[in-house]
Structures are given as C-alpha cells and as structure tokens.
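Notes to accompany the following structure.
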Amino acid sequence: MPELRTETMTVNMGPQHPSTHGVLRLVLELDGEQVLSASPTIGYLHTGIEKTAEQKKWQQVIPLVERMDYLSAQSNSMAFCMSVERLLGVDVPGRVKNIRILLAELQRINSHLVWLGTHGMEVGAVSVMLYCFRERELLLNINEMIAGFRLFPSYMRVGGLREDLPRGFHEAVNAFLQRMPAKLDEYEDLLTKNEIYLKRTQGVGVISGDDAVALSLVGPIARAAGVDYDVRKVFPYLGYETYDFNVPTRTAGDVYARYQVRVAEMRESMKICRQALDRITPRGEYAIADTKITPPPKDRVYTEMEALIQHFLIYSQGFTVPAGEAYVPVEGPRGEQGFHVVSDGTNRPWRVKSRAPSLLACQALEKLIVGGLIADVIAVIGSIDVVMGDVDR
Amino acid sequence: MDAAALVASLQQAVPDATFESAVTVDLHPTFYVSRDHVAAVARALRDSSSLKFSFLAEVTAVDYWPRDPRFEVVYVLVSLEHKHRARMKVRVSGGDAHLATVSTIWPAANWLEREIWDLFGIAFDGHPDPRRLLMPEDWEGFPLRKDSPVQIRRPPHVAEPLQVTPEEFRHNVERDRLARE
C-alpha cells in the first residue's frame, strides 16, 4: 500500500461569496476541515468617502456618511451631526434629542433584524430571514414616511432635523412597537432552543472580554464576553441618562452569546422607543432657531425677503464652523461609533474620519476563526456583524 | 480628569518626553506628545493604575498641509475602568513622516495604522505588517494627503494575461508535480 500523503489546502473564500456580507475576501489555509490560518483582504468597496467629504459643504456630508454603514444610516448621520454641533457650540432642543433617540433606536432594531435574518439563514435557518425582513419592512416604511427615502433618509441635519415629523408618525411607530414583542418571541421560538442552531453556535468563535477590548471590539461583541460597556450608559449623550433601560451582557463570548445579547438589545431598544415616543409631541421645534445654520421654513421663504436671503445663503455657501476638532461617541448598532471631525473655520470640513466598528471586527476575524472548523467561519462572520461599506468606506 | 492632571501623571511615568496640553471642545482632554516617546507614553497610558486606558477607540491622522509639521496623528483613548477618555496627538513632519507603532500595546492599532500608512503615507516603525490596507497594492501616492489631486482621470492600469506556449505549459505542470513530490 502506498504511503498516504497529506497536505494543507488553500481556499479562497470571496470576494464574491454569499455569506461574507459583501466583498470580503478570506484566504484560508485548511488542514482537512480545520482552519490553520486566515488572512482577510478588504478594500474592494473603498470609494474614498472621507476624501469626498472634504470637498463638500458640511450639510452635504450627511448623505455621504449615511452610505458608509448602510445598515445604520441614522446613527451615522446622528454621530456626524453631533460632532459638528459640538464644534459649532450649539445645543439642539429637547424634542429633537428625543426624536433622535427614537430614530437611533429604531435604526438599531432595523440593523439587528437584518443581522439576525442573514445570520440565521447562513447557519441554516432560512425562515428566520423572511420573518425578520417582514418586520424590517415596517421600519423602512417609517423611514419613507419621515423622509421619502427608505434606506438613507438624510433626516438628521446639523442643528436638528430636516423638517417636522409627518402626520401619522406616532401611529406608525406605535403600531410597530405593539407588533414587535410578539414577533421577537417568534424569532426566539425559531432559534433560541433550536438544537441545530445551538450546535452551530455554542462554543464557536469564542473571544474573552480582555481580548475583545484589546482589539477594540467594544459593542455587542464585547458585551457578549462580559464587558459591561455601553456609551449610552457610560458617556451619556442626548439625555440617555433620563431613560430607563438595561445593558444586556453575557459571559460566554461565543456566537450564541452574541445572538442573545443582540436579541435582548432589541427588547431594550423598544423600551427606549416607547419612552421616547411618549415624550415627543406631534408638533413642535425640530431644529435650532439659528438662521445661520438651519434654513428658514418654506412658507417664510416664499413671503419674506429676509428669509429668502437666508435660504439662498445657506444653500449656496452653507455655514462656517469654528476651527477645531471634535469626536462625539455614540452607541451605534455595532458598538462605539463616531466621527472625528476637523474644521479649519471654513464652510467645508478639513477632515472627516469615521470610527468604523466593522473594520475592527474584520481585523479580529483572524483571531476568531483560526483553529476552528471551516463551517464555523460562516457562523463567526455572521455573528460579528460586519458591514463592508463601513469597513472600506 | 483634565489635560493638566493627565500630563502631570504621564510626565512622572515618562520623564524624557515633552507634553503640551491643548484646548478641546468635546469630552476628550487633549495633549500633544513628542514623537520619539509615543510608544513609552502609550504603555504608560495603558498600564498606570490611575489611567488604565485599555481601549483604543481610534487612531487617525490629519494633514494640515502646507503647515509644517504637516501631519498630526490622533489617538482617542477610553478607560473602561475609570470611565474617562483622552486624546493624544503627535506632530509628524512631512519630510520625515514616521513614528513608533502602538500595535504592540493595543492590538487594535494594527489595521488602523496600516490605514494611515495607506492613505497618508506615515510609516509606523516596528509595525508587524506594513502593507497597504484599502488601496490597491500598486497604487502610487497617498490619497488623503491634501496635495493629492481629486477628480482626475488616470489611464487604467491593465496587466496582460500571462502567455505560455503549450510546451511551456506542460513543462510548468511537470515542474510543479516534481516540486510536490
């Protein structure tokens, strides 16, 4: 009998692979089914948004930053606006803060629903995706209602919001919040005690809390490993300290713990949404009154000369921002998020840098999958919730 | 903890380094540190019991061209234990754009520093993997520098597929087979 020869195999996973959540390329070295080494290659979606932002006026950057992390558009634009507002030294009205909180939490649910659906599908539970996208549709309808655009509403503006809430907004959000808890139970029925799901996720892709912090995986990944850090609690912004909610944590640090943390986060987000909705009046202030920053209402533009001049100035020259730099952290769906914004005192940003939680999650991928099985690679990529638009920017 | 207190405790840990506190408008007390002492100061930031900046939130660079020194490398740090934040900045001149890596102290800095090398051309001494991150490997120039042009059309870079004759192909296959055995 001839001597048996073994050799490792190099597998190129991606860039076009249905379960890499975009164009992520992984070069895996395999010994049988075990992963010996992995090297992620990114950059396929690099579009130079940060460079483009330097050519735009401050307000024009908002649609750009929304397209970075395309599953958390409202959080992106909110973080950017808050950094610019900090440089301007303005404080938005309380009603705007509550609306921003509500929209950010709805965005978190939206992002987690996409995550849950795709992650479930990748580990074999295809029906979860259809269920999750059914509820996500309602959230996209709310976006359409407030802004006419479902994925990238550009509703947040520096100095407040673009316009007041539409008629029927409270009813739509209420209907969603009433429907959602039962639907979340339904997803949990499909997965939480599903034996196949447990076998695919428990003890897979384990990371310790210290490693998660060292690799800056702060967010749901670190909370699943026992790191109790949430920007909303530790460095509260927009008045989160006045809301009653918990930060769910688990200690296992595996894929299943991340699932549990995100599902629990959705429930907490709904709690915040309910409180925020109660505080928001259907009509009221939606931006600061500074006419140098926010355009005057349209009815005044049509009837008053002064308002017309302000309107013209804002849309042709924009506004200037005092020189300096600001980074205001917010808790996005993927962890701490923020925009490091530098101004040189003109009407265009000197530098806009996004803190991309997905980039750091992608960096940690190697640590999470080496030593595991190739089938688990899919489960791990799903569980760290990378958005390649945010990785490559 | 304000910038003065931060600088005082760092000065004690790293007596050689020069510090300079700066104004800030957000919740990050800001200070500059001399370029040659970045690694030592970073270690002190992470390990001193009163600081404990275990979480590196962000490393980025800003190009202030044509000012000299043109670059500033910015580190945003968070202490999960003491719940405070800080921003460390390093001035780097354009002609001599390199500084020590902190990826040995915070592993998260690895890709963030690669991104800075890729987009700004600031080299990190001692970096374990100093390659480009986002741009193609054969890209010329550093796109986020202020003197890098925007909205230009470059002729597309094409590579001809490798042409081999049938004899060469058979020879290559044979050579690979021999190498495997």
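Residue numbers (this note's numbering), protein chains in the order written: chain L, 1 to 393; chain B, 1 to 181.
Here a beta-carbon is modelled for each residue, glycine too, at the ideal position from N, C-alpha and C.
Around the beta-carbon of Thr30/B, 16 or more other beta-carbon atoms lie within 10 Å, marking it buried. Legend: CB atoms of the stretch 127-147 of chain B lying less than 9 angstroms from CB atoms of chain L belong to residues Arg132, Leu133, Leu134, Met135, Pro136, Pro143, Leu144 and Lys146.
Residue pairing by DSSP puts Ser343/L in a beta bridge opposite Gly324/L and Pro349/L. Any Cβ of chain B closer than 8 angstroms to the Cβ of Glu306/L would place that residue at the interface, and such an atom is absent.
Residue-level contact check: Leu56/B touches chain L, since one or more beta carbons of chain L fall below 8 angstroms from its beta carbon. The stretch 345-356 of chain L and the stretch 54-63 of chain B touch, with no fewer than 3 CB-CB distances between them shorter than 8 angstroms. When DSSP states are grouped into helix, strand and coil, His157/B belongs to the coil group. Considering only beta carbons, the part of the stretch 47-60 of chain L lying closer than 7 angstroms to chain B consists of Gly48, Glu50, Lys51 and Gln55, in chain order.
Between the alpha carbons of Ala361/L and Val386/L lies a distance of about 7 angstroms. One Cα belongs to Gly121/B, the other to Ser154/L, and the distance between them is close to 33 angstroms. Under the three-state reduction of DSSP output, Asp211/L falls in the helix class.
In the DSSP secondary-structure assignment, Ser354/L is bridged to Phe339/L. With a contact defined as Cβ atoms closer than 8 angstroms, Thr201/L and Val126/L miss out at about 16 angstroms. Around the beta carbon of Glu265/L, a 10 Å sphere encloses 16 or more other beta carbons of the protein chains shown; the residue is thus reported as buried. Going by DSSP, Val27/L is part of the beta strand (DSSP E) stretching over Arg25 to Asp31. For Thr60/B, the nearest beta carbon of chain L is closer than 8 angstroms to its own beta carbon. DSSP, read as helix, strand or coil, puts Arg108/L in helix. Listed in chain order, the non-local C-beta contacts of Ser72/L below 6 angstroms within the same chain comprise Gln107, Ser111, Gly332 and Pro333, local neighbours out to five positions each way being set aside.
Here the stretch 81-97 of chain L makes contact with the stretch 152-169 of chain L; the two share three or more CB pairs at distances below 8 angstroms. Close to chain B, meaning a Cβ-Cβ distance shorter than 7 angstroms, are the following residues of the stretch 206-225 of chain L: Val213, Ala214, Leu215, Ser216 and Val218. The beta carbon of Phe176/L lies closer than 6 angstroms to those of Leu138 in the same chain, with the five residues before and after it left out. Nearest C-alpha to Leu119/B among Val62/B, Ala86/B, Lys83/B and Ser79/B: Val62/B.
Taking each of Glu115/B, Arg175/B, Gln163/B and Glu167/B in turn and checking the Cα distance to Phe142/B, the smallest one comes out for Glu115/B. Within chain B, no C-beta atom comes nearer than 7 angstroms to that of Ala276/L; the closest sits roughly 23 angstroms away. Per DSSP, Val78/B is one residue of the beta strand (DSSP E) stretching across Phe71 to Ser79. Ile309/L has a beta carbon lying at 8 angstroms or more from every beta carbon in chain B. In the three-state DSSP reduction, His311/L falls in the helix class (H, G or I). For Gln363/L, the neighbours in chain B by C-beta distance under 8 angstroms run, in chain order, Ala108, Asn110 and Trp111.
Chain order gives the chain B residues near His340/L as Glu58, Thr60, Val74 and Val76, where near means a beta carbon separation below 8 angstroms. Chain B has no Cβ within less than 8 angstroms of the Cβ of Val370/L.
Using a C-beta cut-off of 8 angstroms, the stretch 37-46 of chain B makes contact with the stretch 86-105 of chain B, since at least three inter-stretch Cβ pairs fall below that distance. Beta-bridge analysis with DSSP links Ser103/B to no other residue. When 8 angstroms is used as the limit between beta carbons, Ile42/L is near these residues of chain B: Leu133 and Leu134, in chain order.
In this structure, DSSP gives Phe176/L a helical state, which the three-state scheme calls helix. Secondary-structure assignment with DSSP links Met88/B through a beta bridge to Phe31/B and Tyr75/B.
Close to Lys97/L, with beta-carbon spacing below 9 angstroms, lies no residue of chain B; the smallest spacing is near 17 angstroms.
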